Amino acid sequence: MTQIQQKISTSIPKEVTMVLAVLQNASFEAFLVGGCVRDLIMGNKPKDFDITTNATPEEIIALFPKTFYENTYGTVGVVTCGEDDLPACSDETVKIVEVTPYRIETAYSDNRHPDEVKWSKNIEDDLKRRDFTCNAIAYNPMTGELIDPFDGQSDIQNRIIRAVGSPDLRFGEDALRLMRAVRFMSQLDFDINSVTRESIEKNSHLLKNVSCERVKDEFIKLLMTDFPMRGIIMMKEVDILKYVVPELERGIGVMQNQAHSFDVWEHNLRTLQHAADKKWPLHIRLSAVLHDISKPETRRYSKEKGDYTFYGHDVVGGRVSREILERLKFPKEMTERVSMFVRWHMFFSDTEQITISAVRRLITNVGKDNIWDLINLRICDRVGTGRPKEEPYRLRMYESMVEQALQDPVSLKMLKTDGKRIMDVTQETAGPKIGYVLHALFDEVLDNPEKNTEEYLDKRAKELIKLSDIELKLMGKAGKVEMEEKNKEQIKEIRKQFNVK
Ligand code: ATP
Ligand code: MG
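Under this note's numbering, the first residue of the sequence shown is numbered 1016, with each subsequent residue one higher.
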């Protein structure tokens, strides 16, 4: 075994090696295949390990104590324990290894499904039906044997996405491959081979025949790569973007006001790219790429300002984003969340006076759970305009105000009693005296938090109510002042945390 092979072998999980060994010991052929082989060759960590074999589904099932088999592509899920091959193990250690027989596909009359799937005894048949050369390599880690009939290794070396065999035929069979080519380009940071690329352009219209669900899933995968901006630009260049999110293209050449260096299209994409650079989750990436989707239709020239304005692009954009995501059949929850982010992404525009009540209103509108994501979107938006600094003073100030609004202020609400209870225990009727007692109690509790019990406060209220109005008033006032002091301290502490004054 060469050093490289040894290195590769150690990164293959035990349960995968075990399944390969069981198949091979029963005299079947068994290889790792597809994305995992590509990733191992590139020195990347594979997401999942797929095994292919000349055994039929029935033969695979017969070799393992526990399997499940439900799909039409012949894939058998082998249930393993991760560490050893005992069938009885706890749920956490269960690992499923997928094994698929060598497949041959017959004609694709609908550009998306093979008319028939057949098993083959020949590994080359199976590699032939795969999409790109880098994904069409089989590897036997037991012997180090690599089966690579389309020279995927040199394409990996040269970082090229190339269709296996005739690109026109391959895209004609399954038009989702048009998007997959672009996704792998962005995921692996490869280029697309020129013949393959021309074929994508020529066959772009076939994407219409692919179901929304598959298009959506592939679009998600593209957005989640490290280079989604490159991917979407490529989708435009090979003319498939118009079948996925044509609305994005309207931003091309739409110049903005003086604060922006880029047109609306490039700004949306740069905002998305920053979200990817930050490894933000899908909802932020979707919101980023869609946030200015409605700038083209809301752009007006203001003579007064001598510049363009985009009033209402957030409101219209929220609506348009919802339409786009509904059309692509995103789950309802994601659609709602992203359209809400687009709707509120302007919360902090430079001209706006920031007040704590405005911050509170915003939190009410988007919900506590979303507020920090919205701020992260805002940072992406800023970086997407080409400004170098991620977090200027003003933004940090805003963040500290969000923190302030989220933290409960020091208030009478913290007391384990209230006006009504005090009236009950003291038999006193409503009036300013009750307020004085409350504040006096509060003053005590601020200094001695352990006194904040119903029992103590009831007892103390009965004592306090006996004092004269003047005495009580003074004590109450002291409590109020102390409360204000504490609140100021809390805010100061938060400001310090965000490095603002
Ligand atoms: P990832 O690392 O994103 O999982 P992958 O290469 O494993 O990438 P999958 O979509 O998981 O991609 O598919 C596994 C393998 O199955 C691919 O490498 C490819 O060989 C084959 N394959 C998957 N989908 C298609 C398709 N639509 N047409 C042809 N081959 C495909
Ligand atoms: Mg995979």
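Don't be surprised by glycine CBs; every beta carbon is placed ideally from N, CA and C. None of these values were measured; they are calculated from a predicted model.
Looking only at C-alpha atoms, which of Met1057, Thr1032 and Ala1151 sits nearest to Ile1111?
Start at 1 with the first residue of the sequence shown, and residue 1111 comes out as number 96. The shortest Cα separation from Ile1111 among Met1057, Thr1032 and Ala1151 belongs to Thr1032.
Burial state of His1289 (16 or more Cβ within 10 Å):
Along the sequence shown, one-based indexing puts residue 1289 at 274. Burial check for His1289: the Cβ neighbour count within 10 Å reaches 16 or more, so the residue is buried.
Trp1295 - DSSP class collapsed to helix/strand/coil
Taking the sequence shown and counting its residues from 1, the one referred to as residue 1295 is at position 280. Trp1295 falls in the coil class under three-state DSSP.
Run the CB neighbour count on Met1498, radius 10 Å, all protein chains shown included, and call it buried at 16 or more, exposed below.
To locate residue 1498, count along the sequence shown from 1; it is residue 483. Classified as buried, Met1498 has 16 or more neighbouring CB atoms from the shown chains inside 10 Å of its CB.
Cβ pair Ile1255, Ser1219 closer than 9 Å:
Here residue 1255 refers to the residue found at position 240 of the sequence shown. Here residue 1219 refers to the residue found at position 204 of the sequence shown. Yes, the pair counts as a contact, with Cβ atoms nearer than the cut-off.
Contact under 9 Å by Cβ, Lys1217 with Asp1183:
Mapped onto the sequence shown, residue 1217 falls at position 202. Mapped onto the sequence shown, residue 1183 falls at position 168. Yes, they are a contact pair.
Are at least three pairs of beta-carbons, each pair with one atom in the segment 1424–1433 and one in the segment 1472–1492, less than 8 Å apart?
Yes, the segment 1424–1433 is in contact with the segment 1472–1492.
Is the segment 1304–1321 in contact with the segment 1270–1282, if contact means three or more CB pairs nearer than 8 Å?
Touching, per the Cβ criterion.
Would you kindly report the start and end of the unbroken alpha helix (DSSP H) that includes Leu1221?
Taking the sequence shown and counting its residues from 1, the one referred to as residue 1221 is at position 206. That residue, Leu1221, is in no alpha helix (DSSP H); it is neither H nor E in DSSP.
Give me, in chain order, the residues of the same chain whose beta-carbon lies closer than 8 Å to that of Tyr1323; leave out the 5 immediate sequence neighbours on both sides.
Within the sequence shown, numbered from 1, the residue matching residue 1323 stands at position 308. These residues qualify, in order along the chain: Met1270, Gln1271, Asn1272, Arg1314, Arg1315, Tyr1316 and Ser1317.
Would the beta-carbon of Thr1240 fall within 9 Å of that of Ser1201?
Start at 1 with the first residue of the sequence shown, and residue 1240 comes out as number 225. Start at 1 with the first residue of the sequence shown, and residue 1201 comes out as number 186. Going by C-beta atoms, Thr1240 is nearer than 9 Å to Ser1201.
Whose C-beta lies closer than 7 Å to the C-beta of Cys1051 among residues of the same chain, with five residues either side of it excluded?
On the sequence shown, residue 1051 is found 36 positions in, with the first residue counted as 1. The answer, listed in chain order, is Pro1061, Asp1063, Phe1064 and Asp1065.
May I have a chain-ordered list of the beta strand (DSSP E) segments no shorter than 3 residues that lie completely inside the segment 1142–1218?
If only complete runs of 3 or more residues are kept, the segment 1142–1218 shows the beta strand (DSSP E) at 1153–1155 and 1160–1162, in order along the chain.
For Ile1509 and Glu1443, believed in contact at Cβ under 8 Å, the rounded distance
Locating residue 1443 in the sequence shown gives position 428, counting from the first residue. Locating residue 1509 in the sequence shown gives position 494, counting from the first residue. Not confirmed; about 38 Å, so no contact.
With respect to the alpha helix (DSSP H) encompassing Arg1475, which residues constitute its N-terminal and C-terminal limits?
Stepping through the sequence shown from its first residue, residue 1475 is reached at position 460. Segment Glu1469 to Leu1479, the alpha helix (DSSP H) holding Arg1475.
Thinking C-beta only, is Leu1237 closer than 9 Å to Val1210?
Locating residue 1210 in the sequence shown gives position 195, counting from the first residue. Locating residue 1237 in the sequence shown gives position 222, counting from the first residue. Taking 9 Å as the Cβ cut-off, Val1210 and Leu1237 do not qualify as a contacting pair.
Can you say whether Thr1366 is buried or exposed, counting buried as having 16 or more other CB atoms within 10 angstroms of its CB?
Residue 1366 sits at position 351 when you count from the first residue of the sequence shown. Any reading at Thr1366 needs caution, since the residue's pLDDT is 42, under 50, leaving its predicted position unreliable; the model's value is listed next. Per the 10 Å Cβ criterion, exposed.
Considering only heavy atoms of ligand 1, list every residue whose Cβ is less than 5 Å from one of them, following chain order.
Going along the chain, the residues that qualify are Gly1049, Gly1050, Lys1062, Arg1145, Asp1146, Asn1150 and Asp1189.
Hey, would you say Phe1234 sits closer than 9 Å to Val1259, going by beta carbons?
Taking the sequence shown and counting its residues from 1, one reaches residue 1234 at position 219. Taking the sequence shown and counting its residues from 1, one reaches residue 1259 at position 244. Yes, the Cβ-Cβ distance between Phe1234 and Val1259 is below 9 Å.
Return helix, strand or coil for Gly1058, following the three-state DSSP convention.
The residue given as residue 1058 occupies position 43 in the sequence shown. Here DSSP, grouped into helix, strand and coil, assigns Gly1058 to coil.
For the pair the segment 1348–1362 and the segment 1287–1303, tell me if three or more CB-CB distances fall below 8 Å.
Segments in contact, yes.
Going by the beta-carbon positions, is the gap between Phe1079 and Val1034 smaller than 9 Å?
Within the sequence shown, numbered from 1, the residue matching residue 1079 stands at position 64. Within the sequence shown, numbered from 1, the residue matching residue 1034 stands at position 19. A contact, by the Cβ cut-off of 9 Å.
Evaluate Gly1268 with the Cβ neighbour count: other Cβ atoms within 10 Å of its Cβ, from every protein chain shown; 16 or more gives buried, anything less gives exposed.
Counted from its first residue, the sequence shown places residue 1268 at position 253. The residue in question, Gly1268, is exposed, as its Cβ has fewer than 16 Cβ neighbours within 10 Å.
Three-state class that DSSP yields for Arg1265 in the structure shown
Looking up residue 1265 in the sequence shown gives position 250. Coil at Arg1265, not helix or strand.
Leaving aside the five residues before and after Trp1295 along the sequence, list all residues of the same chain whose C-beta is less than 7 Å from its C-beta, in chain order.
Translated into positions along the sequence shown, residue 1295 becomes position 280. Here the set comprises Asn1391.
Closer than 7 Å by C-beta to Asp1100: which residues in its own chain qualify, once you throw out the five before and the five after it? Chain order, please.
As a first step, residue 1100 must be located in the sequence shown, where it is residue number 85. Low confidence applies to Asp1100: its pLDDT is 49, below 50, so where it sits in the model is not reliable enough to give any reading.
Got a sec: does ligand 2 put a non-hydrogen atom nearer than 8 Å to the Cβ of Asp1065?
Locating residue 1065 in the sequence shown gives position 50, counting from the first residue. Remark: the C-beta of Asp1065 is in contact range of ligand 2, defined as less than 8 Å to any heavy atom.
Is it true that the CB of Ile1369 sits closer than 9 Å to the CB of Arg1402?
The count along the sequence shown starts at 1 and reaches residue 1402 at position 387. The count along the sequence shown starts at 1 and reaches residue 1369 at position 354. Not closer than 9 Å, so no.
Just reading off the alpha helix (DSSP H) that Ser1336 is part of, what are its end residues?
On the sequence shown, position 321 is the one that residue 1336 refers to. Where Ser1336 is concerned, the enclosing alpha helix (DSSP H) stretches over His1328 to Arg1342.
Whose CA, out of Cys1395, Val1374, Arg1397 and Gly1491, lies closest to the CA of Ile1386?
On the sequence shown, residue 1386 is found 371 positions in, with the first residue counted as 1. It is Val1374 whose Cα lies nearest to the Cα of Ile1386.
Taking all protein chains shown into account, decide if Pro1072 is buried (16 or more other Cβ within 10 angstroms of its Cβ) or exposed.
Taking the sequence shown and counting its residues from 1, one reaches residue 1072 at position 57. Burial state of Pro1072 is buried, judged by a 10 Å Cβ sphere holding 16 or more other Cβ atoms.
Give me the Cα-Cα distance between Ser1026 and Asp1054, rounded to the nearest whole angstrom.
The sequence position of residue 1026 within the sequence shown is 11, counting from 1. The sequence position of residue 1054 within the sequence shown is 39, counting from 1. Roughly 11 Å separates the two Cα atoms.
First through last residue of the beta strand (DSSP E) which encompasses Ala1045
Looking up residue 1045 in the sequence shown gives position 30. Ala1045 to Val1048 is the extent of the beta strand (DSSP E) around Ala1045.
Please name the residue, chosen from Ala1077, Asp1125 and Thr1108, that lies closest to Glu1188 on a Cα-to-Cα basis.
Here residue 1188 corresponds to residue number 173 of the sequence shown, with the count starting at 1. Closest by alpha carbon: Asp1125.
Where do the N-terminal and C-terminal ends of the alpha helix (DSSP H) with Ser1124 fall, by residue?
Position 109 of the sequence shown, counted from the start, is the residue given in the question as residue 1124. Boundaries for Ser1124: no alpha helix (DSSP H) harbours it, and the DSSP string shows neither H nor E there.
Beta-carbon proximity check, Cys990 vs Glu1030, cutoff 9 Å:
With the chain covering 1016 to 1516 only, the question about residue 990 has no answer from this structure.
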